[in-house]
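J.: Residue numbers (the numbering used here): 4 to 99.
Just so it is clear, CB atoms sit at the ideal spot from N, CA and C, and this is done for glycine as well.
Quick caveat: nothing in here was measured; it's all calculated off a predicted structure.
Structure below; questions to follow.
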């Protein structure tokens, strides 16, 4: 028997943020804790920070809300990250 079987008001914390709709269904409102979801791509924020630690120890990376993609990554103190073309492209200077 599961720990919540037979308990109508029981809940289970999955770490996934959600809200209860008026019709009684749940709506997922974001990715699980520690996961960044950008346009369908999911990345563990700790793994991203680990990847940057050796190349840019002073870098700060954060996930910010984004209206279209769910979240976006923001960084400061990040120069070129050798061997990480995806990260270089994600954080390149886009100013003309």
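(1) Can you tell me whether residue 22 is buried or exposed, with buried defined as 16 or more other CB within 10 angstroms of its CB?
(2) Below 7 Å between beta carbons: does that hold for residue 62 and residue 80?
(3) Any idea if residue 47 is buried or exposed, counting beta-carbon neighbours within 10 angstroms, 16 or more meaning buried?
(4) Excluding the five sequence neighbours on either side, which residues of its own chain have a C-beta within less than 6 Å of the C-beta of residue 45, listed in chain order?
(5) In angstroms, rounded to a whole number, what distance separates the CA positions of residue 65 and residue 77?
(6) Any C-beta of chain B sitting closer than 7 Å to the C-beta of residue 43?
T.: In this structure, then:
(1) exposed
(2) yes
(3) exposed
(4) 38
(5) 5 Å
(6) No chain B is part of this structure, which consists of one protein chain only.
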